[in-house]
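Since the structure comes first, as structure tokens, the remarks are kept for the end.
Protein chains: 2
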Amino acid sequence: MIENTDSAVLSRLRDFLATAQLPDGGRLPPERDLAEALDVGRGALRKALATLQAEGVVWRHVGKGTFTGERPIDTVADINAMVQRTNPLEVMGARIAFEPEVARCAALNATPSQITELRSAMMKAQQAPTWRLYEQWDNRLHRLIGESSQNSLLLGLLDTLNAVRRAVTWGRLRDTPVRPPPDHHSFEEHARIVEAIANRDGAGAADAMRRHLRSVEGHMRDMR
Amino acid sequence: MIENTDSAVLSRLRDFLATAQLPDGGRLPPERDLAEALDVGRGALRKALATLQAEGVVWRHVGKGTFTGERPIDTVADINAMVQRTNPLEVMGARIAFEPEVARCAALNATPSQITELRSAMMKAQQAPTWRLYEQWDNRLHRLIGESSQNSLLLGLLDTLNAVRRAVTWGRLRDTPVRPPPDHHSFEEHARIVEAIANRDGAGAADAMRRHLRSVEGHMRDMR
DNA sequence: TAACCGAACCAATCCTGAATTGGTTCGGAT
DNA sequence: ATCCGAACCAATTCAGGATTGGTTCGGTTA
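As given, the protein sequences belong to chains A and B, one line each in that order.
FYI, the numbering used here numbers position 30 of the first sequence as 83, with every residue one higher than the one before it.
FYI, the numbering used here numbers position 127 of the second sequence as 180, with every residue one higher than the one before it.
This is the structure we're talking about:
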């Protein structure tokens with residue numbers, strides 16, 4: 054050991070990083086190994102690493118290791134935060150803005166088997182013996198449309214939207230044994246959406262979805 | 054074994070479910086155990102379970118088990134999960150589907166002071182001395198449009214989308230000291246969007262935003 | 001005295017192999 | 001023909017140990 058002043062260790066560490074040429078986000082050797090490789094005590098190395106971390110050159114996490122670049126952004130979008138800020142009216146507005154475009158993508162990208170599934174879910178909803186089962190298949194239908202867009206990010210956003218919707222409309226589940234009337238407004242609207250998707254009619258699907266959601270919105274207000 | 058017709062097995066299974074009284078989302082015994090408990094072959098049991106699954110009473114997954122109720126959809130908006138499933142192309146597709154509709158809402162709902170802010174952010178982006186600062190003001194502009202929609206849920210979804218976008222396109226930050234050229238394609242596109250919003254022209258705003266994003270998409274491909 | 005080093009320990013994380021579980025196939029018995 | 005048991009497959013879970021950054025403590029050196 055020649056000189057292990059703080060600055061000497063730091064510069065030797067920078068040297069190592071420059072030489073190592075590791076990819077951005079790459080992982081450094083464990084502190085113990087690195088200390089031995091640089092012929093430095095672990096404490097001194099940690100002090101130097103702390104400096105680099107303060108500079109934003111590296112970031113560390115227990116059990117994971119030390120990595121170059123900046124710490125990746127924190128993970129979960131807080132659905133609870135959205136739920137507290139929003140209200141049923143906003144949820145409906147967001148659905149009317151968002152879901153028609155998802156339907157448009159679905160019309161352009163759905164696979165034949167997905168179209169079959171869409172028709173099946175639609176039928177199941179029509180024949181549902183209770184409101185609860187109807188809503189179950191209605192949900193399934195709307196998510197199938199998201200899956201049919203073949204865009205996992207759109208699907209993720211749709212799931213987020215639905216999670217918020219469920220949280221906001223909590224406790225308003227219709228659990229009556231009464232079944233939806235055979236002329237329930239949604240049935241024909243669903244059919245229009247699914248047929249537009251089957252016909253690869255993007256604009257038609259978006260339009261049909263928009264009409265459907267506006268109709269749902271109208272009935273929501275009537276129930277107040 | 055008395056009678057193990059399909060319907061008999063099915064009714065015995067329903068009986069078990071009713072008796073077991075497991076909580077919604079609860080887990081059924083493994084097929085092998087359950088088959089033995091009901092004194093039924095596994096194949097027959099599976100046929101009955103398939104029926105229940107078609108009815109939406111239970112759902113199954115290899116390695117996990119069989120559960121009551123609906124298949125849970127990722128309730129947590131785990132951005133990391135989205136990031137891992139998606140790719141830059143999908144991100145662009147989602148933006149093109151989503152952001153024009155946000156712009157439409159913004160045109161209908163933006164307050165005068167928000168319109169002032171929009172113009173300000175647009176100017177700042179035009180005069181940005183570096184690409185990094187340009188992107189910063191570009192981000193600010195797009196989020197301001199989200200705020201102008203006056204729909205906190207739409208804004209939350211937009212933030213989620215942006216978080217994914219940043220994570221996916223990470224490491225491709227342009228940090229050159231060069232500034233965007235004065236005739237950068239985005240400048241006029243931004244202006245069209247902002248003016249459409251200022252004029253309360255929802256369709257125009259959506260259209261301008263769509264053109265803008267398609268243009269960005271095109272330049273992304275050129276850079277490859 | 002003060003700084004530094006090595007060693008041990010802690011908690012979070014990763015890793016690996018075994019066990020579990022739904023999905024499938026095949027031969028034999030009824 | 002049909003059903004059953006057994007074996008196998010692939011996805012998932014689970015448990016234990018190994019790894020890793022964070023911390024503490026006593027001994028050594030300057």
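All residues carry an ideal CB built from backbone N, CA and C; glycine is no exception.
Remember, predicted model here, so these are calculated numbers, not experimental data.
C-beta atoms of residue i and residue j nearer than 7 Å
i: Val144 of chain A; j: Leu207 of chain B; result: no
i: Asp77 of chain A; j: Gly122 of chain A; result: yes
i: Leu91 of chain B; j: Arg65 of chain B; result: yes
i: Gly257 of chain A; j: Ala244 of chain A; result: no
i: Val62 of chain B; j: Val93 of chain B; result: yes
i: Gly255 of chain A; j: Arg157 of chain A; result: yes
i: Pro153 of chain B; j: Met273 of chain B; result: no
i: Arg253 of chain A; j: Ala147 of chain A; result: no
i: Ile168 of chain A; j: Ala251 of chain A; result: yes
i: Ile132 of chain A; j: Val217 of chain A; result: yes
i: Leu211 of chain B; j: Val155 of chain B; result: yes
i: Asp68 of chain B; j: Lys100 of chain B; result: no
i: Ala88 of chain B; j: Leu81 of chain B; result: no
i: Val247 of chain B; j: Arg196 of chain B; result: no
i: Asn162 of chain A; j: Gln203 of chain A; result: yes
i: Pro182 of chain A; j: Arg232 of chain A; result: yes
Closer than 7 Å at the beta carbon, the chain A residues around residue i
i: Leu105 of chain B; result: Chain A residues near Leu105 of chain B: none, gap ~13 Å exceeds 7 Å.
Closer than 7 Å to chain B by CB, residue i
i: Ser205 of chain A; result: yes
i: Glu200 of chain A; result: no
i: Glu270 of chain A; result: no
i: Glu143 of chain A; result: yes
Contact set between residue i and chain A, taken where Cβ atoms lie within less than 8 Å
i: Val155 of chain B; result: Ala150
i: Ala147 of chain B; result: Asn204, Leu206, Leu207 and Leu210
i: Val217 of chain B; result: Leu206 and Gly209
Burial state of residue i, where buried means 16 or more other Cβ atoms lie within 10 Å
i: Ala259 of chain A; result: buried
i: Gly224 of chain B; result: Caution applies to Gly224 of chain B, whose pLDDT of 48 falls short of 50 and renders its modelled position unreliable; the model cannot decide the point.
i: Ser201 of chain B; result: buried
i: Glu108 of chain B; result: exposed
i: Gly271 of chain A; result: exposed
i: His114 of chain B; result: exposed
i: Glu241 of chain B; result: exposed
i: Gln74 of chain A; result: exposed
i: Thr72 of chain A; result: exposed
i: Arg185 of chain A; result: exposed
i: Lys177 of chain A; result: buried
i: Ala103 of chain B; result: exposed
i: Ala134 of chain A; result: exposed
i: Ser239 of chain A; result: buried
i: Gly96 of chain B; result: exposed
i: Arg124 of chain A; result: exposed
i: Thr164 of chain B; result: exposed
i: Asp191 of chain A; result: buried
i: Arg193 of chain A; result: buried
i: Gln180 of chain A; result: exposed
i: Thr222 of chain B; result: exposed
i: Gly116 of chain A; result: exposed
i: Gly209 of chain B; result: buried
i: Leu266 of chain B; result: buried
Under 9 Å from the C-beta of residue i: neighbouring residues of chain A
i: Glu188 of chain B; result: In chain order: nothing, as chain A lies at least about 16 Å away.
i: Thr139 of chain B; result: Asn204, Ser205, Leu206 and Gly209
i: Val109 of chain B; result: Val is not the amino acid found at residue 109 of chain B; the sequence shown has Gly there. Those are Lys177, Leu186, Gln189, Trp190 and Arg193, listed as they occur along chain A.
i: Glu123 of chain B; result: Gln189, Asn192 and Arg193
Check: residue i C-beta below 6 Å from any heavy atom of the ligand GTP
i: Leu197 of chain A; result: The ligand GTP is not among the ligands present in this structure, which contains no ligands whatsoever.
Any chain A beta carbon closer than 7 Å to residue i
i: Met273 of chain B; result: no
i: Met262 of chain B; result: no
i: Pro76 of chain B; result: no
Self-check item: Uninterrupted alpha helix (DSSP H) stretches inside the stretch 120 to 180 of chain B (no shorter than 4 residues)
Solution: For the stretch 120 to 180 of chain B, the full-length alpha helix (DSSP H) segments reaching 4 residues or more read 132 to 138, 141 to 162 and 165 to 179 along the chain.
Quiz item: At which residue ranges does the stretch 193 to 265 of chain B contain complete alpha helix (DSSP H) runs of 4 or more residues, listed in the order of the chain?
Solution: Secondary structure remark: continuous alpha helix (DSSP H) runs of at least 4 residues inside the stretch 193 to 265 of chain B, in chain order: 205 to 221 and 238 to 251.
Exercise. Scan the stretch 65 to 120 of chain A and note each continuous beta strand (DSSP E) run of 3 residues or more that stays entirely inside, going in chain order.
Key: If one requires a minimum length of 3 residues, the beta strand (DSSP E) runs lying completely within the stretch 65 to 120 of chain A are 111 to 114, in chain order.
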